[in-house]
Amino acid sequence: MQTTNANEEVNYLEYKGKYSGIWGWIFSTDHKRIGLLYLYSIAIMFVVGAFLGLAMKLELIAPGKTIMNAATYNATFTVHGVIMIFMIVIPGLPAVFGNFLMPIMIGAKDVAFPKLNLLSWWLYVAGVLLILTALLFGPGVPDTGWTFYAPYSFKTGTNLLPAIFGAFVLGFSSILTGLNFLVTIHRLRAPGMKWLKLPLFVWTLYGTAWIQLLATPVVGITLVLVSLERVFGIGVFDPVLGGDPVLYQHLFWIYSHPAVYIMILPAMGAISEIIPTFAQKGIFGYKALIISTMAIAFVGYLVWGHHMYTAGMSGTAQYYFSLLTFFVAIPSAIKVFNWISTMYKGSIKLDTPFYWAASFIFVFMIGGLTGLVLGALATNIYVHDTAFVVAHFHFIVFGGVGFSFFGAIHYWYPKIFGKMYDKYWANVGWIVFFIGFMTLYTPMFYLGMQGMPRRYYDYLEEFHGGNILSTFGSWIMITGLVIIITNLIRSARKGEKAGINPWGGKTLEWRVPSPPPLENWDEIPVIGEEESKYF
Amino acid sequence: MYNTEVTQASNFVEGVDFAFLLILGISFFFLIALTAAMVFFIIKYNAKKHPKPKEIHGSNTLEIVWTVIPFLLTLLMFYYGWIGWSPMTKPPKDSMEVTVYGRMWNFLFEYENGRKSDTLFLPKGQPVKLNLVALDVLHSLYIPAFRVKQDMVPGKEDNFMWFEPQKEGTYEIFCAEYCGLQHSYMYSWAKVLEDSTFQSWYQDTTQVVAAIESPTAAGKRIMQNIGCFACHTLDGSKLVGPSFKGIYGTTRTVKTGREKREIVADDAYIINSIYDPASDVVDGYSKGLMLSYEGQLSDEDIGLIIEYLKTVK
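From first to last, the protein sequence lines stand for chains A and B.
In this text, residue positions in the first sequence follow this note's numbering: the first is 46, and each later residue adds one.
In this text, residue positions in the second sequence follow this note's numbering: the first is 4, and each later residue adds one.
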């Protein structure tokens, strides 16, 4: 196959269409520009969310009041959770890298429904603005935690409705992106791009898209019911009106547990791209990785009850959910085995994206293995709703998704911006961030095993030591974050020009110029029978 | 002052801790082995030393091996998790029953003979069944030293937990489910006593005698038990609710519906504020955070509370 793009063609960053300036971006239906719109909006929200997390850690450095009162602290962890979950990790990799790369990786010119794609981003922005409205106006900042558990969410005097409606709109953004990706992957693959030739990142987007499409409506319905309950008092969840608070938890986790897999699957997909490129060989166990992706997407629907072992479900439900939770661990383990085996007899180039990928495997293993403690019934009863759970999901959601996101941005940065970042500072940023991350979250496992409940503004003296260490870690991690972000922003202007394929990647995006031209391909590529069996 | 180690103090400790150690052991083995393998490959197959990669596309044998072994290990871990948990659902018939009321933001323990306490006194070696009643929102009763936790769900009937305390001492009780502003202050203590010591506490009638001899002390004790001081201080500082300092007999500005009016804090006002707290809300405070204590406090109780409030200057 030949690369058919003329190099002098205008790239997507410089292209001038019907609108100019910022309008050329927010009215653009180009999947690459939409990917960057998501990147910038998510980055802004991430800075806000990280700042709130830093403030929480500072408050917890000592018992009693340090920098804020209890009401502010409760609002802070609620907003931190809502921003990080709904605005960052759920859209995260699919909306940014999925949008930018998936059409190129399957040899298409755009997604199947470009206008719908733009609408998704608008809905995202609308949802974000609605939630910010809840923060800035009205009787008080929501203080329910990101789970909005009933019946407290009906009793609090704070401004919950706009926040719920915002989350509802964000859900639609997610559903439309999922729908768009499904149709695109089914219909727009280049000739010869058979299912078993698809890059693994595309496969994980495919599994994710099904979850987005099928699970997100449940949370939409739940949030509508909460709104009706608050406004009209219909009595579905509120026990005073004859409702059942545990029903709320079921409905909430039927979505929000699969949502964890919306977050982590594309993260695994990005790792499955990075490792073979830097090991300079094909991935080990291509089919096993696809099967495990689909197994996680499917079994992930059926394990939500493990958030509710102490809520008073029937005994049968308890061990059913526990057993299935253990089963969902197996495909994740298979992925780790295959990634490490890919390194065997490779020829490993140590570049920044590989450091992120290797450290992803390490933190993801810690997150996954501590998940076994939480999946087993007896041990869950002991550490459920303690700092142990907080540590576990930060290892998965921030360690897993975050490390993969940073790996992905350092991997595809030269393709997206056509420039190479400063590799020395990128590596410094990585190691500082990694050390900070471990120092911040590891003590929380210990605190949980000591018995410190989560969402605690204040604590007894015996929990002091672990909290000091954890707060100290948050400062190191923020330092790493500042180095990473500064380096990336600076390099977009001052970085050296990057070639078409700086890493020696095998997938299709490395055959178009950096940055890619407006419609990616002059002529749709044709994939030969023998070509690229193991992307 | 208190024994604050995460000690092993109930019949469930053995099952829970065994499952914990088993899972942690398996986890550490895999974490260390896989990390070591990864670091070894990264060093050994570094591009500088090993410039030519060898294509290996996969191995069905290996895939089967590393599917079957984790599968068997997960069954093992599931099994011990289940074994450690299963007895928690089956309280013995001879259990001593204690009803626990959870509300924002304290626990109240009521014994079979009507004795009420804000601290959970327990006889060593006697199975205890706690019937859990939540009066407002979700709470969760958590005793780390006993390895037990159960959510308290408003409106849920037959909600219980049980355990057999096996070691004398004082252990923390936390609320583990987020329940609003003072969630982190919703904690109490479980005191495990020798049976004879427990019985003398349990049968103690001096509380009643004390009420006759010193109504103010009895009033304060009732207020501590029912948790008034989680939201109202005695020193004039402001929490969720107004302070009790110097309250009796003063004029207060309250909101009745939307109307502001002045009211004297007399007996009638205090009784009304306890039975129907939403009717007259002190200006500057939120309505709806305090629920009625009707049915939980008798008129005699409130009489003693009023005697005590008169002394809070």
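For each residue, glycine too, the CB sits at the ideal point set by N, CA and C.
Report yes if the C-beta distance between A:Ala115 and A:Tyr502 is below 8 Å; otherwise report no. For the purposes of this step, residue 115 of chain A is identified with residue 70 of the first sequence, where counting begins at 1. For the purposes of this step, residue 502 of chain A is identified with residue 457 of the first sequence, where counting begins at 1. For A:Ala115 and A:Tyr502, yes; Cβs fall inside 8 Å.
Please classify B:Asp154: is it buried, with 16 or more other beta-carbons within 10 angstroms of its beta-carbon, or exposed? Residue numbering aside, residue 154 of chain B sits at position 151 when the second sequence is read from its first letter. B:Asp154 comes out buried.
How is B:Lys132 classed by DSSP in three states: helix, strand or coil? Here residue 132 of chain B corresponds to residue number 129 of the second sequence, with the count starting at 1. The answer is strand: DSSP assigns B:Lys132 an E or B state.
Close-in-space but distant-in-sequence residues of the same chain around B:Tyr278 (CB under 6 Å, 5 per side omitted): Here the question's residue 278 of chain B lines up with position 275 in the second sequence. Cβ within range, chain order: Ser295, Glu297.
Step through the CB atoms of chain C and report whether any lies within less than 8 Å of the CB of B:Asp154. Considering every chain present, this structure includes no chain C. Its protein chains are A and B.
If we define contact as Cβ-Cβ less than 8 Å, is A:Lys394 a contact residue for chain B? The residue you call residue 394 of chain A lines up with position 349 of the first sequence. Output row for A:Lys394: interface = yes.
Output needed in chain order: residues of the region 430-450 of chain A with a Cβ under 8 Å from some Cβ in chain B. Asp430, Thr431
Along the region 28-40 of chain B, where does the CB come closer than 9 Å to a CB of chain A? Name the residues. Per Cβ criterion, the list reads Ile29, Ser30, Phe31, Phe33, Leu34, Leu37, Thr38, Ala40.
Would you please state the rounded distance, in angstroms, between the beta carbons of A:Gly314 and A:Phe371? I believe it to be under 8 Å. Reading the first sequence from its first residue, position 269 is the one you call residue 314 of chain A. Reading the first sequence from its first residue, position 326 is the one you call residue 371 of chain A. Rounded, the Cβ-Cβ distance is 24 Å, inconsistent with contact.
If you pair each beta-carbon of the region 303-323 of chain A with each one of the region 544-556 of chain A, do three or more pairs fall below 8 Å? The region 303-323 of chain A, when compared against the region 544-556 of chain A, does touch it at the 8 Å Cβ threshold.
Which value, in whole angstroms, describes the spacing of the CA atoms of A:Gly278 and A:Leu286? Residue 278 of chain A sits at position 233 when you count from the first residue of the first sequence. Residue 286 of chain A sits at position 241 when you count from the first residue of the first sequence. A straight-line Cα-Cα distance of about 8 Å links A:Gly278 and A:Leu286.
Can you grab the Cα-Cα spacing for the pair A:Leu259 / A:Ile220, in whole Å? Here residue 259 of chain A corresponds to residue number 214 of the first sequence, with the count starting at 1. Here residue 220 of chain A corresponds to residue number 175 of the first sequence, with the count starting at 1. Using only the alpha carbons, I get a separation of about 8 Å.
Proximal residues to A:Met465 (C-beta, below 6 Å), its chain only, five neighbours per side dropped: Position 420 of the first sequence, counted from the start, is the residue given in the question as residue 465 of chain A. Cβ neighbours of A:Met465 within its own chain (closer than 6 Å, five residues either side excluded): Pro459, Gly540, Glu541, Ala543.
Start and end of the alpha helix (DSSP H) containing A:Phe210? Locating residue 210 of chain A in the first sequence gives position 165, where the first residue counts as 1. Looking at the DSSP string, the run of the alpha helix (DSSP H) that includes A:Phe210 is 205-232.
Compare the C-alpha of B:Pro168 against each of B:Gln227, B:Pro126, B:Pro95, B:Phe44 and name the closest. Walking along the second sequence from the start, residue 168 of chain B turns up at place 165. When only C-alpha atoms are compared, the closest one is B:Pro126.
Look up B:Trp165 in the DSSP assignment and say whether it is helix, strand or coil. In the second sequence, the residue the question calls residue 165 of chain B occupies position 162. In the structure shown, B:Trp165 sits in a strand (DSSP, three-state: E or B).
Could you tell me which residues DSSP pairs with B:Lys263 in its beta bridges? Numbered from 1 along the second sequence, position 260 holds the residue referred to as residue 263 of chain B. Per DSSP, B:Lys258.
Is the CB of A:Phe479 under 8 Å away from at least one CB in chain B? Taking the first residue of the first sequence as position 1, residue 479 of chain A is located at position 434. Not an interface residue.
Distance CB(A:Asn56)-CB(A:Pro570) smaller than 8 Å: Residue 56 of chain A sits at position 11 when you count from the first residue of the first sequence. Residue 570 of chain A sits at position 525 when you count from the first residue of the first sequence. Their beta carbons are not under 8 Å apart, which means A:Asn56 does not touch A:Pro570 by this criterion.
Could you check which residue in B:Val156, B:Glu180, B:Gln299 has the C-alpha nearest to that of B:Phe112? For the purposes of this step, residue 112 of chain B is taken as the residue at position 109 of the second sequence. It is B:Gln299 whose Cα lies nearest to the Cα of B:Phe112.
Starting from B:Ala50, trace the alpha helix (DSSP H) in both directions and tell me its first and last residue. Walking along the second sequence from the start, residue 50 of chain B turns up at place 47. First-last for B:Ala50: undefined, no H or E at that position.
If you reduce the DSSP assignment to three classes, tell me which class A:Phe372 lands in. What you label residue 372 of chain A is simply residue 327 of the first sequence in a count that begins at 1. A:Phe372: helix per DSSP, three-state reduction.
For B:Leu125, the residue or residues it bridges with in DSSP: Looking up residue 125 of chain B in the second sequence gives position 122. Its beta-bridge partners are B:Val195.
In the DSSP output, what is B:Gln299 paired with across the bridge? In the second sequence, counting from the first residue as 1, residue 299 of chain B sits at position 296. In DSSP, B:Gln299 forms no bridge with anything.
With 8 Å as the threshold, decide whether the Cβ of B:Trp88 is near any Cβ in chain A. Indexing the second sequence from 1 puts residue 88 of chain B at position 85. At least one chain A Cβ lies under 8 Å of B:Trp88.
Proximal residues to B:Met1 (C-beta, below 6 Å), its chain only, five neighbours per side dropped: No answer is possible for residue 1 of chain B: the residues shown for chain B start at 4 and end at 316.
By Cβ distance below 8 Å, which residues in the same chain neighbour B:Glu197 in space, the five residues on each side in sequence not counted? Position 194 of the second sequence holds residue 197 of chain B. Excluding sequence neighbours, B:Glu197 sits near Pro126, Lys127, Glu171.
Starting from B:Met155, trace the beta strand (DSSP E) both ways and give me its first and last residue. Residue numbering aside, residue 155 of chain B sits at position 152 when the second sequence is read from its first letter. Note, B:Met155: beta strand (DSSP E), 151-155.
For chain A, is any of its Cβ atoms less than 8 Å away from the one on B:Ser203? By one-based count along the second sequence, residue 203 of chain B stands at place 200. The beta-carbon of B:Ser203 is placed no less than 8 Å from the nearest beta-carbon of chain A.
Boundaries of the alpha helix (DSSP H) in which B:Gly287 is found, first to last residue: Residue 287 of chain B sits at position 284 when you count from the first residue of the second sequence. B:Gly287 -> no alpha helix (DSSP H), and no H or E assigned at all.
From the DSSP output, read off the bridge partner residues of B:Ile250. Here the question's residue 250 of chain B lines up with position 247 in the second sequence. Answer by DSSP bridge pairing: none, since B:Ile250 is not bridged.
May I have the straight-line CA-CA distance separating A:Glu568 from A:Ala403, to the nearest angstrom? Here residue 568 of chain A refers to the residue found at position 523 when the first sequence is read from its first residue. Here residue 403 of chain A refers to the residue found at position 358 when the first sequence is read from its first residue. Distance between the alpha carbons of A:Glu568 and A:Ala403 is about 37 Å.
At which residues does the beta strand (DSSP E) containing B:His142 begin and terminate? If you number the second sequence from 1, residue 142 of chain B lands on position 139. Unbroken beta strand (DSSP E) run through B:His142: 142-146.
Using a Cβ-Cβ distance cut-off of 8 Å, determine whether B:Glu58 contacts chain A. Within the second sequence, numbered from 1, the residue matching residue 58 of chain B stands at position 55. Yes, its Cβ sits closer than 8 Å to a Cβ of chain A.
Cβ of A:Leu563 within 8 Å of Cβ of A:Met150? Numbered from its first residue, the first sequence carries residue 563 of chain A at position 518. Numbered from its first residue, the first sequence carries residue 150 of chain A at position 105. No, the pair does not count as a contact, with Cβ atoms beyond the cut-off.
To the nearest angstrom, report how far apart A:Val134 and A:Tyr469 are at their CA atoms. For the purposes of this step, residue 134 of chain A is identified with residue 89 of the first sequence, where counting begins at 1. For the purposes of this step, residue 469 of chain A is identified with residue 424 of the first sequence, where counting begins at 1. Near 27 Å, if we compare the C-alpha coordinates of A:Tyr469 and A:Val134.
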